[in-house]
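FYI, the numbering for the sequence shown is -25 to -1, 1 to 582, going by mature numbering (1 follows the signal peptide of the UniProt record, and there is no 0).
We put the CB at the ideal spot given by N, CA and C, even for glycine.
Below is one structure, written out as structure tokens; the observations come after it.
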Amino acid sequence: MELIQKKTLIAAIIGASLLSANAIAHNESPDQRLTASDAKAFLDNAQAEIEKIQTPSAHAQWSYATNINIDTAAVSAYLNEMYSNKVAQFAKEAAKFNDVKVDADTRRKLNLLRNGLTMPPPADDKKSERLAEINSKLEGMYGAGEYCRTENDCINLVDMSAEMATSRDKDLLLEYWKGWREVSVPMKELYSEQVAIANEGAKELGFKNVSELWRGKYDMPADEFPKELDRLWGQVQPFYESLHCHVRAKLGEHYGTDVVPQDQPIPAHLLGNMWAQTWGNIYDLVKPEQEMKVPDVTKALKEQQYDEIKMVKQAESFFSSLGFEELPETFWERSLFQKPEDRDVQCHASAWNLDDKEDLRIKMCIQKTGEEFNVIHHELGHNYYQRAYKDQPLLYRGSANDGFHEAIGDTIALSITPKYLKQIGLIDTIPDESNDIGMLLQVALDKIAFIPFGLMVDQWRWKVLSGEVTPENYNDVWWELRNKYQGVMAPIERDAEAFDPGAKYHVPANVPYTRYFLAHILQFQFHKALCDIANDQGPLNRCSIYGSKEAGKALNDMLEMGMSEPWQNALEKLTGTKQMDASTIQAYFAPLKKWLDEQNQGRQCGW
Ligand code: X8Z
Ligand code: ZN
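Written out as structure tokens, the structure is:
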């Protein structure tokens, strides 16, 4: 009794957490005296304290991302630093409960607190300040980046990307490919400085380095996780190699085999995307000879005069059809849907819940294309997930694992089938099944082509964050991995100062990337489970769960869990299995695999 009073009193006086009060009261050996209820009280306090700074910090990040300038940069860096320092401080304190016997829920929260940060700041004030400053600088350099042919002739990433999607002029493609990578050259030094500081922070938290921290977020030992990824990649790899072989052959026919040598990786500028991460935009170059009717969503959106808002409303209505509540009025008032003319913004799409309540928003420089229609569903998937877990305790407000967050909207987008497009009046007739190879190829060019890219980004980062790869080798190792996993190569020799990883948003922004690899596996598992629940009989590629309240309920039941349980349980809840598994992908694309292997007869595959 006395002990509790003393603790409470000291805590009240110094405004510190119960734990630090306890440590002061029992300096000699505080840990032995801590109990399970101390741990709970500590967590309650930590969550309350983090919550206080989280919302202002989110507003500052939003202000910066939607208006990049020196003032918003300063405020967002400052609040980001305050937030990260607070979490890091509690994460360190949490270690004091390592040997205290606590229930599973408390242990889970303590662990989540310990590994919650992405780039943990060290205790040293100067260093944590510098870390936040570099963070915000790198984000700003990416967001404001553009390629200038001459001083007055500049082009931004959104416009370059749009041109690269449709242009078949190899010189222009190369120019943009190369031009965009000038933006990241000055990032390299800042990036390596930031890695060194964050590694100090990770060590203070008891991790070997940031790599171990990142790999340790998956409810299994950090060193087991990469093996799990290898297993999943092994399931997809043969199919990817078939796709690669066909695409390379067709690109060789179009551009000539001097431009696309048939025994080497594919030059990275020719695949319809700035990073060669999705290839759907070159469907016309690789499509079957036989006429295939494949819905052209971009054309349909244009014909029906969809604007940005109408595209988002249409995506919202899909979620509504599943029984999800409509988005709040403030979503429409506060979101950013179009690239403003008068200021720099971070155009890379994102979804936000600023107050962990109802302040949902997306930020996206929407292009009126079928590709972006999918991205809108992707972003709204984040928003509906955020809303579903908002009533969980703060430490459980997140997805089962980060791949789940990235998979939800994509899962819904897999239901944008011809049947659905006809239902909403975007097309008049549903092509019959003789056209399925074309449609499967279109989907595979985006989804299957992405998978090795989704894997290689963090294969690179883990090596960098662990110190295995040092700055002088950053770029070479990046291209070794691009080559190894994707079979893609730089179209021109890279300069010694090049920092090509920095030309991909998630590197300067420090967003882990394995989540997208996982999402590309999970979304097919989710799609299959939801199609079964919706009782859609057709082949998986023709299934749409549109309008199925049963599917919506099953999905929501999983989303509501947030991260309150290991992801294996969340997966089981929806799909009946605890394992991530790419065999659904194999089933989904089986006819296409057969077709590709026929096309590849007599071709020399591999690189
Ligand atoms: O970054 C994204 C989303 C926001 S979380 C638009 N994606 C990855 C990328 O663009 O590189 C979605 C798929 C992969
Ligand atoms: Zn996302």
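Nearest to residue i by CA position, among the options, is which residue?
i    : options                   : result
A484 : E278, Y491 and M94        : M94
S390 : F425, H502 and L9         : H502
D433 : L420, L416 and L456       : L456
A23  : P240, A290, Y58 and A471  : Y58
E278 : K314, L297, D238 and T344 : T344
A224 : Q361, E216, Q237 and S217 : Q237
E443 : A11, P161, A69 and V185   : V185
D572 : R309, A69 and S217        : S217
I399 : V133, E347 and K285       : K285
V133 : T273, R517, N86 and Q342  : Q342
P541 : D194, G120, K183 and V482 : D194
S159 : N450, Q313 and G91        : N450
R143 : W37, W155, Y230 and K15   : Y230
A545 : G577, G378 and P466       : G378
Y488 : K365, K192 and A388       : K192
By the three-class DSSP mapping on this structure, what secondary structure does residue i have?
i           : result
C518        : coil
K101        : helix
residue 628 : The question about residue 628 has no answer, for the chain in this structure spans -25 to 582.
L571        : helix
P242        : strand
M538        : coil
Y215        : helix
L493        : helix
L204        : helix
Y122        : strand
I399        : coil
D319        : coil
L297        : coil
K153        : helix
C506        : helix
V418        : helix
L389        : coil
L311        : strand
Do you know offhand how far residue i's Cα is from residue j's?
i     : j    : result
M464  : K479 : 16 Å
F380  : D233 : It should be pointed out that residue 380 corresponds to His in this sequence rather than to Phe. So the two alpha carbons sit approximately 42 Å from each other.
C340  : F294 : 22 Å
Y281  : S167 : 44 Å
A70   : S111 : 29 Å
L311  : S292 : 19 Å
K288  : D198 : 43 Å
I351  : D205 : 30 Å
R190  : L430 : 13 Å
Q512  : L549 : 18 Å
Q543  : D78  : 19 Å
F499  : E347 : 20 Å
Q321  : T41  : 6 Å
A529  : L88  : 29 Å
S(-9) : K163 : Unreliable placement is indicated for S(-9), whose pLDDT of 38 sits below 50; no coordinate value is reported for it.
Given residue i, which residues of its chain have a CB within under 6 Å of its CB, disregarding the five upstream and five downstream residues?
i      : result
K102   : I172
S523   : A509
L534   : Y360 and A363
W582   : Q239, P240 and G462
F299   : Y359
K76    : none
L(-17) : With a pLDDT of 32 at L(-17), under the threshold of 50, the modelled position of that residue is not reliable, and no figure is offered here.
L18    : K84
Am I right that residue i and residue j are in contact with their C-beta atoms under 8 Å? What's the rounded C-beta distance?
i    : j    : result
C580 : C220 : 4 Å
L335 : N358 : 5 Å
I508 : A526 : 5 Å
I25  : L329 : In fact, because the Cβ distance is near 15 Å, the residues do not count as touching under 8 Å.
L113 : L165 : 6 Å
M267 : N410 : 5 Å
D421 : W254 : 7 Å
Here's a check: name, in chain order, each residue in its chain whose Cβ is nearer than 7 Å to the Cβ of residue i, leaving out the five neighbours to either side.
i    : result
L567 : I412, L415, L416 and A419
S558 : Q210
L226 : V235, I241, L245 and L260
G115 : I43 and A48
R105 : I172
V439 : V170 and Y449
In chain order, what residues of the same chain lie with their CB nearer than 8 Å to the CB of residue i, ignoring the 5 residues before and after it?
i    : result
A35  : T47, V50, S51, Y53, L54 and N55
Y151 : Y122, I130, M135, E138, M139, H244 and M249
D271 : G345
For residue i, decide whether its Cβ has a neighbour in chain B, counting only Cβ atoms nearer than 8 Å.
i    : result
I284 : Structure shown: chain B not included; a single protein chain is present.
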